[in-house]
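All remarks here apply to the structure that follows.
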Amino acid sequence: MIARMWEIRASLSGFDELLSWVCDVAVPRVEVLPQHVSSDVYSSTDNRIVVITKWRHSPESLPAPPPHLIARAAHVWDFTPVDR
């Protein structure tokens, strides 16, 4: 299992539209892939949106968001479970 964390900061006026794009466009595009397991979307009070997707293998990237909605490019990290 691989968890991919995708984090982006919305422009000051673009938060609501970016959140809608993430939920209605970006996440549905990866949820149909056979290696996809689950997705969760989070938002913060400082205009950030985080998507955590889980994959059986070979995680896929979310599509690039509309440039006018973002304050900076997305950051992406992959994580694997730790046996403890």
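The sequence shown: position 60 = 66 (our numbering), numbered continuously.
All C-beta atoms in this analysis are idealised placements derived from N, C-alpha and C, irrespective of residue type, glycine included.
- Residue 85 sits exposed, since fewer than 16 C-beta atoms from the chains shown fall within 10 Å of its C-beta.
- Take the alpha-carbon of residue 8 and the one of residue 63: they are about 6 Å apart.
- Residue burial annotation: residue 51 is exposed, with fewer than 16 other C-beta atoms found within 10 angstroms of its C-beta.
- The closest CA to that of residue 25, considering only 78, 82, 57, is found on 57.
- For the pair residue 66 and residue 36, the Cα-to-Cα distance works out to about 7 Å.
- CA-CA distance, residue 31 to residue 23, rounds to 11 Å.
- Residue 75 counts as buried, since no fewer than 16 other beta carbons sit within 10 angstroms of its beta carbon.
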